[in-house]
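Q: Remember, my numbering sits 836 above the position in the sequence shown when you count from 1.
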Amino acid sequence: MTAEKKQLYILLCATTLSSFLTPFMGSGVYVALPVMARELSMTALTLSWVASSFILAAAITLVPLGRLADIYGRKKIFLSGAVIFTLASFLCAWSPTASFLIFIRVVQGIGGAMIFSTGTAMLISAYPPEERGKILGINIAAVYIGLTVGPFIGGLLTEHLGWRYIFIFTSLIGIVVICLIAFMVKEEWKGAEDEGFDFTGSLLYAVALFAIMYGFSLLPKLQAGLLILLGVVCFIFFIRHQLIIPYPLLDMRLFRDNKVFAFSNLAALINYSATFAVTFLLSLYLQHIKALTPSQTGMILIAEPAVQALFSPLAGRLSDRFEPRIIASLGMALNVLGLIPLMFIQSDTGISYIVLCLIVLGVGFALFSSPNVNATMSSVENKYYGIASATLSTMRLVGQMFSMGITMLVFAVILGNAPLAQAGNPLLL
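1. Could you check whether Thr1111 and Ser1239 sit closer than 8 Å to each other, using their CB atoms as the reference points?
2. For the 8 Å Cβ check, are there 3 or more pairs between the region 886-899 and the region 994-1010?
3. Using beta-carbon positions only, say whether Gly955 and Tyr1220 come within less than 8 Å of one another.
4. Please state if the CB of Ala1113 and the CB of Ile1242 are separated by a distance shorter than 8 Å.
5. Classify Ala1127: buried if its beta carbon has 16 or more other beta carbons within 10 angstroms, exposed otherwise.
6. Could you name the residues of the same chain whose beta carbon sits closer than 8 Å to that of Met958, not counting the 5 residues immediately before and after it, in chain order?
7. Between Val1209 and Leu972, how many whole angstroms is the CB-CB distance? I'm expecting something under 8 Å.
8. Might you give, ordered along the chain, the residues of its own chain that have their beta carbon closer than 6 Å to the beta carbon of Gly1152, omitting 5 neighbours on each side?
9. Relative to the alpha-carbon of Leu1118, which residue among Leu904, Phe1099, Glu1140 and Ser1148 has its alpha-carbon at the smallest distance?
10. Using a Cβ-Cβ cut-off of 7 Å (strictly less than) and excluding sequence neighbours within five positions of Ala1098, which residues of its own chain qualify?
11. Would you kindly work out how many angstroms separate the C-alpha atoms of Ala893 and Val867, rounded to a whole number?
12. What does a CB cutoff of less than 6 Å around Ile920 pick up in its chain, not counting 5 residues either side in sequence?
13. Please state whether DSSP places Thr933 in a helix, a strand or coil.
14. Is Leu809 helix, strand or coil by DSSP?
15. Would you please state the rounded distance, in angstroms, between the beta carbons of Ser1229 and Phe952? I believe it to be under 8 Å.
16. If you follow the alpha helix (DSSP H) that Val1114 is in, where does it begin and where does it stop?
17. Just to confirm, is the Cβ distance from Tyr1108 to Arg1232 under 8 Å?
18. Can you tell me whether Met1179 is helix, strand or coil according to DSSP?
19. Between Leu1203 and Val1143, what straight-line distance do the alpha-carbon atoms span, to the nearest angstrom?
20. For the alpha helix (DSSP H) containing Ile1064, list its first residue and its last residue.
21. Among Ser877, Lys841, Thr879 and Ala929, which one has its Cα closest to the Cα of Met861?
22. Curious, which full-length alpha helix (DSSP H) runs of at least 4 residues does the region 895-958 contain?
23. Per DSSP, what kind of secondary structure is Pro1084 in: helix, strand or coil?
24. Going straight from the alpha carbon of Ala873 to that of Lys1057, what length do you get?
25. Would you mind stating whether Ala880 and Phe1180 have Cβ atoms separated by less than 8 Å?
26. What is the rounded straight-line gap between the Cα of Ala1224 and the Cα of Ile907?
27. For Phe1019, does the three-state DSSP call read helix, strand or coil?
What follows is the structure, encoded as structure tokens:
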């Protein structure tokens, strides 16, 4: 193996491990949520913020961090993010209160954003175009492997050692990623090192996205509308600012002139808005309605990501040979077919019915994800790799936040501030 190929292999290992980390932690935490709620005396709304705080923090920082990576180096930002994420994971394990846990999850989200915005960009920078679909398929398969083993391992850890060990396990994997990048990957990748960073635009962007997403989560309260209005106003000022400065945070021409980039991002937003809360809701349904243990719940929820992990490399290779947009569209259609039957589950619905829906969703997500990423990243030039990766990740996280926001709105209307453990199974159904 030549030195160059060894570097590519190590880079793939490091980014693939990092792609495994956050979904493993997230899906493991979902299974542990009812136990965390009892131990830390959380209400239903507080519990929702354990998941949503990570997403919100990552979403508002992804684009600025992607731009920083294009200017100062994608490896530097990736390594810094791995360190922050790992330390935050360790601190999550020692959280004494719900408020402390949510705060550290915010820090963890910022570290995750540094990883999200650079991992794919480094792979696209390092590998030739004819191998991108295959490499992205492997990388995205790691995401779904994390989602696959997360509920199972998370359930076992929660049942036998406690939910805190999910974060300890995550921090140990983070240390491996740090060592690989810090000591074995020598090359650095930049695309816009001669350009400036837009601090004003970054502030406007962060305030706009935070206000809109947080406001959405507060619905139907009065302050929700005020926050959303503030976010829209800040976003209008952000767009105007981007059009007049020489080095914008987010070049609006990417959306105006590049239809592949624009519609691929929109598709990601819609897809994740429609599907993200499924795991969260099914975890509560299976444990509170079906009275299953965390490990039993994990074994059922494993179905969707296991299928995703199996089909993602194939979908990546297909996107190298055929039009990625067609494959991604087929995946979206399958997701719709998987979601519709879940609308009709009742307390006596069979487990096999739920598993079948999850399998259909798994195939749909596999066919959508890597082809959509391939289409997006292949549509931009090198200097935009960081910002393109960050923008696509932002669409994914904003979609996830909207999905959780709808869930939190339903919780607010139906459950109010009642502790989740005392909420009553009929209300949850």
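Just so you know, even glycine gets a beta-carbon here, dropped at the ideal spot from N, CA and C.
A: So, to answer that:
1. Annotated as proximal: Ser1239 and Thr1111, with beta-carbon spacing under 8 Å.
2. no
3. no
4. For Ile1242 and Ala1113, yes; Cβs fall inside 8 Å.
5. exposed
6. Correct list, in chain order: Leu847, Thr851, Arg910, Lys911, Phe914 and Trp1025.
7. 5 Å
8. In chain order, Gly969, Lys970, Leu972, Gly973 and Ser1206 place their CB closer than 6 Å to the CB of Gly1152, counting only its own chain and leaving out the 5 sequence neighbours on each side.
9. Glu1140
10. Around Ala1098: Phe1091.
11. Taking the straight line from one Cα to the other gives about 22 Å.
12. Gly947
13. coil
14. Residue 809 lies beyond the range of the chain shown here (837 to 1265); nothing can be said about it.
15. Indeed they touch by this definition, with Cβ atoms about 4 Å apart.
16. Residues Ala1113 to Leu1120.
17. yes
18. helix
19. 11 Å
20. Leu1058 to Ile1080 is the span of the alpha helix (DSSP H), which, as asked, contains Ile1064.
21. Ala929
22. 910-928
23. coil
24. 24 Å
25. no
26. So the alpha carbons of these two residues sit roughly 13 Å apart.
27. Three-state DSSP puts Phe1019 in a helix.
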